[in-house]
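What follows is one structure encoded as structure tokens, with my remarks underneath.
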């Protein structure tokens, strides 16, 4: 005879109640695609009628079933696997996969598309369910938005600051909203004849002002970028990079001067330019590898990066797989694939081309993958400017038009073949021109003043 005490009766009642509630709340499920993919196949296999299946799944649209979707084949509600926020208050994060849609993601997590839209209102770079990008980090639960990606870099050039200050009195580094940027690079420092890093006297106040912003933006690091196009490509300074990396003594002198500069100005690191000359000596390749190894040894706690080429012609001058082991990251120069210089490139047609074509960028990424580079260490460069071409025939519009060189200079940039994003936006705002999106390259273009301008916007950067 079983002795049922009050405690055992309560315990039995509790567990029976839980079981009954569970059975009443949760239906028995079938998974779309395992093995059946249509409503007819699912309810037929389950041995129920179409009417029963419909009653178990009110509102279900059988024409848009998703592989992996759960459906009820008995009374009750679908078991929920909706995630909750992380312990730190951040939402549950999901990385968008190829062929994903908000509907598919909602189905996977037992949530709704409306909830996805609501939870991602403040997610960085969220453009709505219609603009999902592979690899995008999004919320699939309530909570704080995912943190801004670990590395967002920006180059602040001294000549742009000085030009803007001349056009807009009172403009300064402090006027810039640096929120969200993890690494700001001051461009540019150069190499002295004595093989030491140097900053022009007129740029020193700008460096100090930029570094001072770290007090307002604690997560921001400030590095010094070495180089500059004219310094790197023009006489009499173009050979200084080869000379500096050419001997262990010169490398040691330079690295010692970098240490002093970082300490003097409270800088966090240095970026070395990746412009290997077409006619540079073959010894530059191993010397550059040795330089980065010694630079890392000399600056073990500083940020070291390298601006690396995007094209095979230049990249073949790098032992990129070896250099990658000595740097914190590689900044691929995934821009300037084309420009007014194409008039002087053998085998390259003198026609208008986008300078940031997605097709070119994809080819560059494949080069790095073939070299065995971990893409987590690679940052893609985004050009905050456009390239311009002077047209041979001003009635020709778009890409593949014959060009004769760079288009008109802007009031701020003052350089043919180049316009800042601010200058481009000003032209569009005052002229009411509607730029054209080129689908294959994912770039914008428009014609004005006998020139073609090619550039990007936020949607093509994304």
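Numbering (UniProt numbering), first residue to last: 1 to 462.
A virtual CB, placed ideally from N, CA and C, is assigned to each residue, including glycine.
Per-residue burial, residue i [other beta carbons within 10 Å of its own, 16 or more giving buried]
i: residue 273; result: buried
i: residue 161; result: Legend: pLDDT at residue 161 = 47, less than 50; position of this residue unreliable, no value from coordinates given.
i: residue 283; result: exposed
i: residue 23; result: Bear in mind that a pLDDT of 42 at residue 23, under 50, signals an unreliable position, so the number given afterwards is only what the model happens to contain. Its Cβ having fewer than 16 others within 10 Å, residue 23 is exposed.
i: residue 2; result: Low local confidence applies: a pLDDT of 35 at residue 2 is under 50, so the model's placement there is unreliable, with the coordinate-based value given in what follows. When all chains shown are included, residue 2 counts as exposed.
i: residue 166; result: Annotation note: pLDDT 38 at residue 166 (below 50); position unreliable, coordinate value reported separately. With fewer than 16 Cβ atoms within 10 Å of its Cβ, residue 166 is classed as exposed.
i: residue 414; result: exposed
i: residue 449; result: exposed
i: residue 325; result: exposed
i: residue 175; result: exposed
i: residue 247; result: exposed
i: residue 295; result: buried
i: residue 279; result: exposed
i: residue 21; result: Low confidence applies to residue 21: its pLDDT is 39, below 50, so where it sits in the model is not reliable, and the reading given next is rough at best. The residue in question, residue 21, is exposed, as its Cβ has fewer than 16 Cβ neighbours within 10 Å.
i: residue 183; result: buried
i: residue 410; result: buried
i: residue 347; result: exposed
Given residue i as reference, the closest of the options once Cα atoms are compared
i: residue 463; options: 316, 104, 173; result: Lying before the first or after the last residue shown, residue 463 is absent from the chain, which here runs from 1 to 462.
i: residue 460; options: 422, 428, 358; result: 358
i: residue 319; options: 301, 342, 292, 339; result: 292
i: residue 404; options: 342, 83, 446, 198; result: 342
i: residue 87; options: 103, 201, 141, 122; result: 141
i: residue 300; options: 264, 255, 439; result: 255
i: residue 63; options: 118, 415, 182, 32; result: 32
i: residue 268; options: 89, 211, 126; result: 211
i: residue 385; options: 126, 428, 454; result: 454
i: residue 259; options: 418, 245, 302, 442; result: 302
i: residue 310; options: 201, 133, 362; result: 362
i: residue 369; options: 332, 133, 249; result: 332
i: residue 102; options: 85, 127, 81, 349; result: 127
i: residue 69; options: 77, 45, 109; result: 109
Rounded C-alpha distance that separates residue i from residue j
i: residue 290; j: residue 322; result: 9 Å
i: residue 220; j: residue 382; result: 19 Å
i: residue 213; j: residue 185; result: 13 Å
i: residue 143; j: residue 112; result: 16 Å
i: residue 327; j: residue 36; result: 51 Å
i: residue 239; j: residue 406; result: 26 Å
i: residue 306; j: residue 425; result: 31 Å
i: residue 416; j: residue 408; result: 5 Å
i: residue 397; j: residue 335; result: 22 Å
i: residue 52; j: residue 25; result: 17 Å
i: residue 226; j: residue 181; result: 20 Å
i: residue 179; j: residue 121; result: 18 Å
i: residue 297; j: residue 99; result: 45 Å
i: residue 430; j: residue 264; result: 45 Å
i: residue 50; j: residue 39; result: 8 Å
i: residue 340; j: residue 380; result: 22 Å
i: residue 199; j: residue 173; result: 17 Å
i: residue 114; j: residue 261; result: 53 Å
i: residue 442; j: residue 432; result: 21 Å
i: residue 468; j: residue 81; result: Within the shown structure, residues of the chain are numbered from 1 to 462, placing residue 468 beyond reach of any answer.
i: residue 444; j: residue 352; result: 13 Å
i: residue 45; j: residue 34; result: 11 Å
i: residue 371; j: residue 394; result: 43 Å
i: residue 266; j: residue 129; result: 43 Å
Strand pairing of residue i, partner residues [DSSP]
i: residue 445; result: 436, 454
i: residue 226; result: 189
i: residue 195; result: Per DSSP, none; premise fails for residue 195.
i: residue 391; result: 403
i: residue 215; result: Residue 215 pairs with nothing; no bridge assigned.
i: residue 307; result: 331
i: residue 26; result: 77
i: residue 121; result: Answer is none; residue 121 lacks a bridge partner.
i: residue 71; result: 30
i: residue 270; result: 224, 304
i: residue 380; result: 332
i: residue 353; result: DSSP, once it has assigned bridges, lists no residue as partnering residue 353.
Contact set for residue i: own chain, Cβ-Cβ below 7 Å, skip 5 residues either direction
i: residue 464; result: This structure gives no information on residue 464, because the portion of the chain shown stretches from 1 to 462.
i: residue 392; result: 402, 403, 404
i: residue 104; result: 66
i: residue 48; result: 73
i: residue 71; result: 29, 30, 32, 42, 57, 60
i: residue 367; result: 312, 315
i: residue 451; result: 388, 389, 390, 391, 407, 408
i: residue 75; result: 27, 56
i: residue 90; result: 143, 144, 146
Same chain, Cβ closer than 8 Å to residue i, five either side skipped, listed in chain order
i: residue 54; result: 60
i: residue 194; result: 253
i: residue 421; result: 384, 385, 386, 455
Proximity test, Cβ basis, 8 Å: residue i and chain C
i: residue 323; result: Looking at the structure shown, chain C is missing, and only one protein chain is on hand.
Same chain, Cβ closer than 6 Å to residue i, five either side skipped, listed in chain order
i: residue 79; result: 26
i: residue 338; result: 353, 355
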